[in-house]
Structures are given as structure tokens and as C-alpha cells.
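Novice: I'd like to ask you about the structure that follows.
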Amino acid sequence: MSAFENTPQDGRELQDAGELSGKDLFSVYGVDLTSRLLLGTAQYPSPSVLNSAIEACETEVVTVSLRREAARGGGQSFFDMVRSWDVRVLPNTAGCRSPKDAITTALMARELFDTDWVKLEVIANDDTLQPDLFGLVEAAKELSAQGFKVFPYTTEDLGAAERLMAAGCEVLMPWGAPIGTGKGLTNPYALRTMRNYFPGVPLVVDAGMGAPSHAAYAMELGFDAVLLNTAVAKAGDPVRMARAFAGAVGAGRAAFVSGLMESRDMAAPSTPVAGTPFFDLDAL
Amino acid sequence: MNDTRIISSANATLDSAPSQVGHGDEEVAETAAGKLTLELQVNGEARTVNCHTLGALLASLGYGETRIATAVNGVFVAAPERASCNLSNGDRVEIVAPRQGG
Chain U
138 MSAFENTPQD GRELQDAGEL SGKDLFSVYG VDLTSRLLLG TAQYPSPSVL
188 NSAIEACETE VVTVSLRREA ARGGGQSFFD MVRSWDVRVL PNTAGCRSPK
238 DAITTALMAR ELFDTDWVKL EVIANDDTLQ PDLFGLVEAA KELSAQGFKV
288 FPYTTEDLGA AERLMAAGCE VLMPWGAPIG TGKGLTNPYA LRTMRNYFPG
338 VPLVVDAGMG APSHAAYAME LGFDAVLLNT AVAKAGDPVR MARAFAGAVG
388 AGRAAFVSGL MESRDMAAPS TPVAGTPFFD LDAL
Chain X
29 MNDTRIISSA NATLDSAPSQ VGHGDEEVAE TAAGKLTLEL QVNGEARTVN
79 CHTLGALLAS LGYGETRIAT AVNGVFVAAP ERASCNLSNG DRVEIVAPRQ
129 GG
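Quick note, the sequences are listed as chains U and X, same order.
According to our numbering, the first sequence is numbered sequentially starting from 138.
According to our numbering, the second sequence is numbered sequentially starting from 29.
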């Protein structure tokens with residue numbers, strides 16, 4: 138199969154056992170998830186709005202972080218809130234600029250949140266927040282060896298992706314666009330290539346989405362899930378936007394599984410030509 | 029906190045000759061309790077403290093039973109190890125807690 142084909146069901150086997158039974162589950166590290174929307178918990182106008190947004194979109198995975206404890210006990214209240222949700226927690230290593238910092242942060246996160254899942258970020262550049270792919274692979278290898286289930290925030294680079302998988306990653310999370318930009322899928326060609334190159338690997342588009350249509354597009358391309366934060370948290374009505382993204386993710390997924398039609402350059406009438414009133418072949 | 033002090037800088041005052049070796053290549057001396065202080069970086073801020081283990085430092089700062097995780101000089105220190113984690117002058121201590129994230 139060519140890596141450049143874009144027929145959603147061109148031999149890619151449905152990876153989820155749930156799909157065969159009609160449940161269409163998203164399976165990652167042996168965990169079956171119903172929701173394909175992973176949601177960040179930062180930047181909401183209030184804890185109440187965050188609570189409502191999570192409830193509205195029915196996400197099953199939320200990203201969290203750890204930060205220096207300025208006000209003693211402040212982290213506990215957030216942790217208690219997280220525990221009140223029926224979700225899995227995916228701690229991140231946001232802001233880390235070296236494998237060493239990322240590894241230490243992951244170890245601290247594992248103790249704080251009591252999970253071996255980690256969204257691994259090793260940042261290379263402040264302006265783009267682009268992943269440092271070399272550091273990412275190094276950290277992923279060490280963390281996998283220490284028993285972590287690593288969710289690497291990466292790019293569409295296929296070579297890095299292969300090394301991440303060799304390092305033990307069972308899921309890849311390429312960026313749609315730089316974090317917080319809301320630009321959507323800036324390189325759909327590369328994402329499509331990645332999807333087709335790794336037909337059986339869970340792929341999550343992480344970061345850069347600004348509108349539900351971006352999420353739908355990612356899902357139509359065959360990505361297994363999307364992860365976003367700012368587009369919901371900074372919406373005028375975050376709760377409603379969370380619901381909108383959930384709908385878009387569901388629509389995009391349904392479209393992919395259904396099989397999108399092939400696009401074509403020339404028009405083709407959808408209404409039968411035969412029997413058209415006043416039709417005169419000689420007039421063509 | 030016991031009375032073993034780990035000394036690594038010239039501005040610390042020794043009450044007696046070094047008698048023990050701590051972690052790293054720091055000079056260690058037994059002193060009267062409370063006479064020595066350490067200059068630390070705690071979450072990026074300079075602090076002069078009278079605590080010589082991570083566990084004692086956390087207690088003195090009021091962290092008690094709060095949900096935190098720690099690292100010293102960039103190395104993770106698990107909760108059960110804090111009480112026995114000796115601190116030295118110039119150590120960088122990170123104390124972190126759960127927070128919202130994307």
C-alpha cells in the first residue's frame with residue numbers, strides 16, 4: 138500500500154475490536170475508550186466551567202500538569218476535582234526542554250496522579266513550541282523502560298515516529314499546528330501520509346485545533362482521536378464549545394468509518410439524467 | 029531532624045570537626061542543633077533554612093500532608109525517601125503539586 142493514498146478504508150484494518158461489535162472503541166495501551174476527544178483542563182474561566190465542559194463533551198481522558206506549589210494546598214483542591222470526574226488522567230510534561238527535565242517531571246507526575254500514563258513533551262523552541270524530536274525519543278525510551286505508558290507529543294516526522302515506537306510508544310500524537318495557535322491542520326498531506334504509513338497504530342492529533350471543523354477533518358483523515366484545550370477553554374461559551382467539538386469528533390469518525398467518496402475534478406449530476414423533462418440530446 | 033549537618037560552603041559555621049561523610053563530596057560535621065543554616069533554592073527562590081533533610085524542609089514550610097511531589101537538583105525524590113534525603117548548600121529543591129494542563 139502506498140503511503141500516499143487517501144482512501145480511508147484502503148486495507149487499513151479496523152483496529153478496535155469494539156468496531157466489529159458496533160461500539161467503535163478507541164483502544165490505547167489496552168484501555169478501551171468510547172470518547173475520542175481528549176480534553177485539556179487549563180485556561181478555563183472557572184473550575185465550575187471546567188467541570189461543566191468535561192461533562193458536556195463526555196471526554197474520558199483529561200490532561201493535567203504539575204507546577205511549583207506556590208499556595209500550600211492549592212494543588213489538593215484541583216486533585217480532588219479531578220478525582221470527582223469519571224475520567225482517566227493524562228499528566229503532561231509541558232514546558233520541559235530537556236529529556237532529563239521531562240523524565241523527572243514524569244516521575245513526579247506518576248507519584249502525584251497515581252498513573253503510569255504520561256503525555257511526553259520535550260520542547261525545542263519557545264516560539265513554535267515544536268517538539269524536540271531527539272530529546273523526545275531519548276526521554277520516551279527511558280520512561281518506557283521505567284514502566285510508563287508514553288503518549289509522545291510529536292510532529293508528522295515518520296523517522297521520529299518509528300523511533301518512538303521502537304522506544305516503546307504504542308500511540309503517537311502528532312501536532313495539528315503549534316500549541317495554542319488554533320490554525321487547525323497546517324500540514325494535512327503529512328498527517329495523511331502518517332496515517333497511511335502507520336495503519337494500525339493509534340494516532341491522536343494533538344494541539345493547534347481552533348474549530349470543531351478542524352477536529353472533524355482530523356477524524357475524517359482516519360486519526361483515532363484528537364486532543365485539544367485552548368479552543369474550548371477560550372471559547373465565549375466553553376461548555377457549548379466542548380459539546381460542539383464532541384459532535385465534530387463523532388461526525389468525523391463516522392465519516393471515516395463510513396468511507397468518504399472520492400473527490401473529482403469535473404461535475405457529475407446527482408439527479409438521474411435519464412428522463413429529464415425537455416431533454417434534447419441534440420441540444421448538447 | 030538530627031544533629032548531623034552537611035556543610036559545603038565557606039559561610040557555614042562548624043562547631044566541630046567533620047565526622048561523617050554525606051551524599052556527594054560534601055564536608056560533614058556534627059554540630060550543636062540549630063547553629064547551621066543552608067542556602068537553598070526552593071522552587072527557584074533563594075531561602076536560608078535550618079533544615080537538613082528534605083522531609084524536615086517540607087515540614088518547616090508547612091507542606092505536611094499536602095499532595096506534592098519533589099525533586100532535588102533535578103532528581104526525583106519519592107515520598108518515602110524524603111525523610112532520609114540530606115540537603116546541602118546550594119541544592120535546588122522543587123516542590124510541585126497537581127495543576128491544570130493541556
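Cβ atoms here follow ideal geometry from the backbone N, Cα and C, with glycine treated the same way.
All values reported here derive from a predicted model rather than from experimental measurement.
Could you give the DSSP three-state label for G305 (chain U): helix, strand or coil?
Specialist: Looking at G305 (chain U) - three-state DSSP - the assignment turns out to be coil, as it is neither helix nor strand.
Novice: Pop quiz: R390 (chain U) and M356 (chain U) are said to be a contact at Cβ under 8 Å. What is the actual Cβ separation, rounded to whole angstroms?
Specialist: Going by Cβ atoms, the distance from R390 (chain U) to M356 (chain U) rounds to 5 Å, so yes, they are a contact pair.
Novice: For Y290 (chain U), which beta-bridge partners are listed by DSSP?
Specialist: In DSSP, Y290 (chain U) forms a bridge with U:M310.
Novice: Taking the alpha carbon of T330 (chain U) as the point to measure from, which residue in U:G359, U:A239, U:F393 has its own alpha carbon closest?
Specialist: Answer by Cα proximity: U:G359.
Novice: Within this structure, are the beta carbons of N229 (chain U) and E197 (chain U) separated by less than 7 Å?
Specialist: No, they are not a contact pair.
Novice: Quick check on DSSP: helix, strand or coil for L421 (chain U)?
Specialist: Three-state DSSP puts L421 (chain U) in coil, outside helix and strand.
Novice: Leaving aside the five residues before and after A277 (chain U) along the sequence, list all residues of the same chain whose C-beta is less than 8 Å from its C-beta, in chain order.
Specialist: Hits under 8 Å: L257, V287, P289, L301, A304, G305, C306.
Novice: For K237 (chain U), return the contacting residues in chain X, with the cut-off set at a CB-CB distance below 8 Å.
Specialist: Residues of chain X passing the Cβ test: G102.
Novice: Quick one: does P108 (chain X) have its CB under 7 Å from some CB of chain U?
Specialist: Not closer than 7 Å to any Cβ of chain U, the Cβ of P108 (chain X) fails to qualify, so no.
Novice: Hey, which unbroken runs of the alpha helix (DSSP H) at 4 residues or more fall wholly within the stretch 60–129 of chain X?
Specialist: Qualifying alpha helix (DSSP H) stretches, in chain order: 82–88.
Novice: Just reading off the beta strand (DSSP E) that P228 (chain U) is part of, what are its end residues?
Specialist: P228 (chain U) -> beta strand (DSSP E) spans 225–228.
Novice: Suppose you measure from the CA of N101 (chain X) to the CA of D374 (chain U); what does that come to, to the nearest Å?
Specialist: Rounded to the nearest angstrom, the two C-alpha atoms are 43 Å apart.
Novice: Run through DSSP, which three-state label would P184 (chain U) get?
Specialist: Three-state result, P184 (chain U): helix.
Novice: Given Y166 (chain U), which residues of its chain have a CB within under 6 Å of its CB, disregarding the five upstream and five downstream residues?
Specialist: Once the five neighbours on either side are set aside, the close Cβ partners of Y166 (chain U) are K286, E307.
Novice: Beta-carbon of T241 (chain U) versus every beta-carbon of chain X: anything under 7 Å?
Specialist: Interface residue, yes.
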